[in-house]
Every structure is written in C-alpha cells, then in structure tokens.
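Chains as they are written, first to last, in our numbering: chain F, 61 to 175; chain L, 2 to 113. Written below as structure tokens is the structure these notes are about.
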Amino acid sequence: NAGVTQTPKFQVLKTGQSMTLQCAQDMNHEYMSWYRQDPGMGLRLIHYSVGAGITDQGEVPNGYNVSRSTTEDFPLRLLSAAPSQTSVYFCASRPGQGVVGNEQFFGPGTRLTVL
Amino acid sequence: GEDVEQSLFLSVREGDSSVINCTYTDSSSTYLYWYKQEPGAGLQLLTYIFSNMDMKQDQRLTVLLNKKDKHLSLRIADTQTGDSAIYFCAETSDSGYSTLTFGKGTMLLVSP
Chain F
61 NAGVTQTPKF QVLKTGQSMT LQCAQDMNHE YMSWYRQDPG MGLRLIHYSV
111 GAGITDQGEV PNGYNVSRST TEDFPLRLLS AAPSQTSVYF CASRPGQGVV
161 GNEQFFGPGT RLTVL
Chain L
2 GEDVEQSLFL SVREGDSSVI NCTYTDSSST YLYWYKQEPG AGLQLLTYIF
52 SNMDMKQDQR LTVLLNKKDK HLSLRIADTQ TGDSAIYFCA ETSDSGYSTL
102 TFGKGTMLLV SP
C-alpha cells in the first residue's frame, strides 16, 4: 500500500492563479480531510468528506473547493490564490466510524507559496 | 468549539525522560492520539488511547489519561536526539462523523 499520496510536493503560484492539489489513498478509507498548517496555528481543517459524493466544510473553508467522486481521490482546488493561502497542506484519511482506533493517516504534504 | 491545549516547547537532555502534556475539553472524546512531526515531514501516528483506558505503554512511550481532569500525557523514556520533533495531541469522538481536533503542538528539543 502506498498509503496517502499528495502531489505536487512544492508549488509556487502568483496571486489570482488557480490550481488543484491532488490527494489519493489506497486503503479504502471512508473519511478524507484536508488541513493547512501554519506556524503557531497548528493544523486547521479546511474540508472533509465522509464518503464518495459527500463533503463538508471545516474550520477554514473560504477560497477552497473540494469534491469526492471516488473513494480514493479527494482533490483540493484553490479558486484564486492569495498570499494568505501560503501554507503547508496535508491530506489525511481514516477508516470511519466503528473501526477500532479509527487512526488518521497523513500524506507527506504540499508546500505552497503564493506570491 | 472543542479545544485541545498543549505547552509549546520542551527542552530535555539526552537520556532523560520527557513528559508532554495536553488538556482537552470534549467530554465525549472516544480516542486520543499522539502524532510526531519531524522537520519538513508529515504527521506520523505514535500511539492512541481509548477513552476508557488509564494508561497505555508501547516500548519507550507511556500514555496516561485522566478522564476526570481531561488531561493526557505522553512520556518518552530515555529520550534520544532523534526524538526531537513537534508532538501533536488530538482527540475525536466516535459518534457520527467527528473531526479530529488537534492541539497546536509541542516542540521537543533534545540536547546531547
């Protein structure tokens, strides 16, 4: 199993550009999430999904869109990049309710800089 | 919303024990986790404890849970320089969908 994979590892954008951060998992997990990590702020939840076709907003959803057309993939779209979106983005997945431990697995992260 | 608090920084000498503390507010927490993040890397799950347990030991790691005080601790015995990292406490409940709530992380610095 590859676990949770994210692409790209690094990205530089100009203000106003759009892009999609890719995330995939091969563990057949129901739940997937996107977080951003900023210095001194810890991890903040952007959007999450409890299954294919079902998504919801987290703590900081503005400026981001998600969709979940398959169990495996959960892309994060930046609609019009702003310098405030400079951050490290982590995708994560976990089995779902009722699974003992329900451990969350993280991808390696995407480091995004918006100029 | 629910909250998880951690001290921001801990410095120890190699060979000493490290204790990282965490408090949380959600009384319906089912699982509590400790994650480790090394520089430039993602988060790695170290261990978790179910809310009906008081203690869990896994090699050099001991997790203590005081559910009454909503206090969680991670003890690392014989701390090594390779243990230097940021440690995150997180909690979730198991009712319906529940997000993980993370603390801001404790930076552990181990000096030789």
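The beta-carbon is built from N, C-alpha and C at its ideal position, and this holds for glycine as well.
Within 7 Å of the CB of residue 113 of chain F, no CB atom of chain L is found; the nearest one sits about 14 Å away. For residue 10 of chain L, no CB of chain F lies under 7 Å from its own CB, so it is not counted at the interface with that chain. Under a 10 Å Cβ-count criterion, residue 81 of chain L is classified as exposed, with fewer than 16 other Cβ atoms of the shown protein chains found around its own Cβ.
Here residue 116 of chain F is bridged, per DSSP, to F/108. Taking a beta-carbon distance threshold of 7 Å, residue 101 of chain L counts as an interface residue toward chain F.
Proximity of the segment 100 to 113 of chain L to the segment 48 to 61 of chain L falls short of the contact definition, fewer than three beta-carbon pairs being nearer than 8 Å. As the crow flies, the alpha-carbon of residue 13 of chain L is around 5 Å from that of residue 111 of chain L. Under the Cβ criterion of 7 Å, residue 102 of chain F is counted among the residues facing chain L. With its beta carbon at least 7 Å from every one in chain L, residue 136 of chain F lies outside the interface. Closest in alpha carbon position to residue 94 of chain F, among F/106, F/101, F/87, F/148, is F/106.
Straight across, the Cα-Cα distance linking residue 80 of chain F with residue 110 of chain F is about 20 Å. The three-state secondary structure of residue 12 of chain L, taken from DSSP, is strand.
Residue range 91 to 98 is occupied by the beta strand (DSSP E) that includes residue 92 of chain F.
Contact between residue 63 of chain F and residue 165 of chain F holds: CB atoms are separated by about 6 Å, below the 8 Å threshold. Secondary structure note for residue 92 of chain L: its beta strand (DSSP E) is the uninterrupted segment 86 to 93. Along the segment 23 to 38 of chain L, going in chain order, the ones with a CB nearer than 7 Å to a CB of chain F are 32.
With 16 or more other CB atoms across the displayed protein chains lying within 10 angstroms of its CB, residue 92 of chain L is buried. Less than 7 Å divides the Cβ of residue 86 of chain L from the Cβ of residue 39 of chain L. Around the beta-carbon of residue 7 of chain L, 16 or more other beta-carbon atoms lie within 10 Å, marking it buried. Distance from the CA of residue 89 of chain F to the CA of residue 126 of chain F, rounded to the nearest whole angstrom, comes to 17 Å.
C-alpha of residue 72 of chain L to C-alpha of residue 158 of chain F: approximately 24 Å in a straight line. At a cut-off of 7 Å between beta-carbon atoms, residue 44 of chain L makes contact with chain F.
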